[in-house]
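Student: To start, I am sharing the structure in question, which I have written as structure tokens.
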Amino acid sequence: MTPYEELLSKAEKLGIKIREHDFGADNECGYYCDNKILINSRITENQKHGVLAEEIGHHFKTLGDITDQTETLNIKQERIARRKGYEFLLQPIDLIYAYRCGCKDLYEISDFFSITIDKLTEIINDFKLQYGLGKKFDKYFIIFEPTLGFYEILNENYIY
Numbered sequence: 125m126t127p128y129e130e131l132l133s134k135a136e137k138l139g140i141k142i143r144e145h146d147f148g149a150d151n152e153c154g155y156y157c158d159n160k161i162l163i164n165s166r167i168t169e170n171q172k173h174g175v176l177a178e179e180i181g182h183h184f185k186t187l188g189d190i191t192d193q194t195e196t197l198n199i200k201q202e203r204i205a206r207r208k209g210y211e212f213l214l215q216p217i218d219l220i221y222a223y224r225c226g227c228k229d230l231y232e233i234s235d236f237f238s239i240t241i242d243k244l245t246e247i248i249n250d251f252k253l254q255y256g257l258g259k260k261f262d263k264y265f266i267i268f269e270p271t272l273g274f275y276e277i278l279n280e281n282y283i284y
């Protein structure tokens, strides 16, 4: 089962009905309302994976209609829902796992997690907002800025 299919299964277990629909364009988009998610059928599976995660985030975090993104409160709810959706795709510790599995750049990491490079970049930018330029996770230190980097901590006094 692909990661997208696994996430579809999780969503269905949460009582969410998912349907793919032709939105008339190739845009990465979806829509959540009342335990139902519509996903653009014209996009790739990796794009659908990212869109589905975001819409599940709306299931947990959004109240009401937030389609008017000129409203400050709606923008804030959108950001909160996206962050929740990112949790279904990737956690910082998952980046370490990808690194240990041999992924050397953002393209390999995005392929490893079956998401687009744009979605991975969004997630890493969100990690920067949450954790700053870098953060220690387990015996690794992840650098988020200026570029993604990993350092193994072999001794608490030294980072390699």
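If you number the sequence shown the way my numbering does, the last residue is 284 and the count never jumps.
Glycine included, C-beta positions come from ideal geometry on N, C-alpha and C.
#1: Considering only the alpha carbon of each residue, which of E269, N279, A135 and E179 lies closest to A205?
#2: Applying the criterion that 16 or more other CB atoms from any shown protein chain within 10 Å of the CB defines a buried residue, is Y221 buried or exposed?
#3: Does the separation of the CB atoms of Y156 and H182 fall below 7 Å?
#4: Which residue spans inside the stretch 239 to 268 form an unbroken beta strand (DSSP E) run of at least 3?
#5: Using DSSP's beta-bridge definition, name the partner residues of L70.
#6: Can you give me the start and stop residues for the alpha helix (DSSP H) that F274 sits inside?
#7: Just to confirm my understanding: we take I241, look at its own chain, exclude 5 residues before and 5 after, and list those with CB closer than 7 Å. What are they?
#8: Using beta-carbon positions only, say whether I266 and G258 come within less than 7 Å of one another.
#9: I'd like to know whether the C-beta atoms of K185 and K208 end up nearer to each other than 7 Å.
Tutor: This is what the structure holds:
#1: Sequence index remark: in the sequence shown, residue 205 carries index 81 (1-based). When only C-alpha atoms are compared, the closest one is E179.
#2: As a working note, residue 221 is residue 97 in the sequence shown. With fewer than 16 other Cβ atoms within 10 Å, it is exposed.
#3: Position 32 of the sequence shown, counting from 1, holds the residue named residue 156. Position 58 of the sequence shown, counting from 1, holds the residue named residue 182. Contact flag set, yes.
#4: 258 to 261 and 264 to 267
#5: Outside the displayed range of the chain (125 to 284) lies residue 70, so it cannot be described from this structure.
#6: In the sequence shown, counting from the first residue as 1, residue 274 sits at position 150. DSSP places F274 in no alpha helix (DSSP H) but in the uninterrupted beta strand (DSSP E) bounded by G273 to E276.
#7: Locating residue 241 in the sequence shown gives position 117, where the first residue counts as 1. Closer than 7 Å at the Cβ level, and outside the excluded window around I241, lie L230, Y231 and S234.
#8: Here residue 266 is taken as the residue at index 142 of the sequence shown, counted from 1. Here residue 258 is taken as the residue at index 134 of the sequence shown, counted from 1. When the beta-carbon positions are compared, I266 and G258 come within less than 7 Å of each other.
#9: The residue labelled residue 185 in the question sits at position 61 within the sequence shown. The residue labelled residue 208 in the question sits at position 84 within the sequence shown. Yes. Within cutoff.
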